[in-house]
Amino acid sequence: MRVLLDVHPKVRCGPETRILPRILHISSHLVGTPEMNRLAAAGISRDTLDIAFLKFIRTIIFRSGPPAERYCVKDPFLDTSMNFLFKIFPNSKFILMIRDGRAVAHSVVRYVNF
10 MRVLLDVHPK VRCGPETRIL PRILHISSHL VGTPEMNRLA AAGISRDTLD
60 IAFLKFIRTI IFRSGPPAER YCVKDPFLDT SMNFLFKIFP NSKFILMIRD
110 GRAVAHSVVR YVNF
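So the sequence shown is numbered by the numbering used here: it starts at 10 and just counts up by one.
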């Protein structure tokens, strides 16, 4: 699917970043932790963190290839962070694809083993 989207002149998908799922995992694990309390005591709110994550994610997406009118991110395991992505990218459109379970299992094994 990524290859089909990349052919369109206004869309750039590019390769999997592999870093976005990790960054989103870190973001989700800050909520309700002692670390979040320490950050709040230092004057760093959840909104400030959300803005920082937004800017970091945008930088990764924009700099992972040539400029385009529309950007596509095809990283595995982003589905677990959809609520957060909806929050920080409120004007974005998301396409969630259902795949054959066998192909998914093969991809997961390949992804985990690098």
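Quick reminder that beta carbons are idealized off the backbone N, C-alpha and C, glycines included.
Ala77 places its beta carbon less than 8 Å from that of Lys19. Counting every other CB atom within 10 Å of its CB across the protein chains shown gives Ser36 a total of 16 or more, marking it as buried.
Nearest to Ile70 by C-alpha distance, out of Asp59, Asp84, Asn92, Gly110, is Asp84.
Three or more Cβ pairs closer than 8 Å define a contact, and the segment 30-50 falls short of that threshold against the segment 102-110. The three-state reading of DSSP puts Val12 in helix, counting H, G and I together. Nearest C-alpha to Pro75 among Met10, Asp15, Arg11: Asp15. By the neighbour-count criterion, in which a residue is buried when 16 or more other Cβ atoms sit within 10 angstroms of its Cβ, Ile66 is buried. Phe93 and Val12 have their C-alpha atoms some 27 Å from each other.
For Ile32, the uninterrupted alpha helix (DSSP H) segment begins and ends at 29-39.
Residue pairing by DSSP places Arg79 opposite Val20 in a beta bridge.
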